[in-house]
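K.L.:
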Ligand SMILES: [Zn+2]
């Protein structure tokens, strides 16, 4: 339970990162963060949080007292927006591209999507956010070992490094519906 993740908001309620419940509790105990009630958005400081603990569902036991696990905390002083990197994975490239082929726009099931190197690996193209795009099996086969211009194919958009709040992996987001209401509307992976 202590290693579960807690969403961290800055003072303006922008999601900036995640941390462990353990660390979230330390921040609260130090008075630099408050726990956000997921339904009412009320912010509970440390004393209040412990007080409501005995009544809460999903309380954390075994460390001397019971209190609810903070799912979201808000920092009381910090107002920055650190640039946390999004992990480069095939799945996250698909997410960035909306699970659609950048060449034809087709959005098949993800088993029929591939990761295409814009500049092929054989020509020294790196495996990174700017050289990897989502392509359907057909377009990938048609493009083969060529660049888009050599294959006379056009990309619908240029690949860039995505910026998701706090570098948050949308896969993680899918498992934490409570966090959704704290995310900007255009965050990939949000329930529609
Ligand atoms: Zn395609």
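In the working numbering, the protein residues as written are 15 to 206. Even glycine gets a Cβ: it sits at the ideal position worked out from N, Cα and C. On a predicted model such as this, the values are computed, not experimentally measured, just so you know.
#1: Under the rule that 16 or more other beta-carbon atoms within 10 Å means buried, what is residue 140, buried or exposed?
#2: Under 6 Å from any heavy atom of ligand 1, by CB: list those residues in chain order, please.
#3: Would you list, in sequence order, the uninterrupted alpha helix (DSSP H) runs of no fewer than 4 residues that lie entirely inside the stretch 120 to 202?
#4: I'd like the span of the beta strand (DSSP E) that includes residue 22, first residue to last.
#5: Could you pull the DSSP bridge partners for residue 49 from this structure?
#6: If you check the beta carbons only, do residue 136 and residue 159 fall under 7 Å apart?
#7: Would residue 153 pass as a contact of residue 115 if the rule is Cβ separation under 7 Å?
#8: If you count every other CB in all the chains shown that lies within 10 Å of the CB of residue 191, and 16 or more means buried, which is it?
#9: Nearest to residue 83 by CA position, among 55, 188, 30 and 51, is which residue?
#10: Tell me the residue span of the beta strand (DSSP E) that contains residue 103.
#11: Mind checking residue 71: buried by the 16 CB within 10 Å criterion, or exposed?
#12: Taking the alpha-carbon of residue 32 as reference, which of 186, 195, 201 and 199 has the nearest alpha-carbon?
P.N.:
The structure says:
#1: For the purposes of this step, residue 140 is taken as residue 126 along the chain shown, with counting starting at 1. Residue 140 should be labelled exposed.
#2: 115, 117, 118, 120, 149, 150, 152 and 153
#3: 151 to 157, 184 to 188 and 191 to 194
#4: To locate residue 22, count along the chain shown from 1; it is residue 8. Segment 19 to 23, the beta strand (DSSP E) holding residue 22.
#5: For this step, residue 49 is matched to residue 35 along the chain shown. Residue 49 pairs with 58 and 87.
#6: The residue you call residue 136 lines up with position 122 of the chain shown. The residue you call residue 159 lines up with position 145 of the chain shown. Closer than 7 Å, so yes.
#7: What you label residue 153 is simply residue 139 of the chain shown in a count that begins at 1. What you label residue 115 is simply residue 101 of the chain shown in a count that begins at 1. Their beta carbons are under 7 Å apart, which means residue 153 touches residue 115 by this criterion.
#8: For the purposes of this step, residue 191 is taken as residue 177 along the chain shown, with counting starting at 1. The residue is exposed, with fewer than 16 neighbouring Cβ atoms inside 10 Å.
#9: Here residue 83 is taken as the residue at index 69 of the chain shown, counted from 1. For the residues 55, 188, 30 and 51, the minimum Cα distance to residue 83 belongs to 51.
#10: If you number the chain shown from 1, residue 103 lands on position 89. That residue, residue 103, is in no beta strand (DSSP E); it is neither H nor E in DSSP.
#11: Start at 1 with the first residue of the chain shown, and residue 71 comes out as number 57. Any reading at residue 71 is ruled out, since the residue's pLDDT is 44, under 50, leaving its predicted position unreliable.
#12: Working through the chain shown from its first residue, we reach residue 32 at position 18. Out of 186, 195, 201 and 199, 186 has the C-alpha closest to the C-alpha of residue 32.
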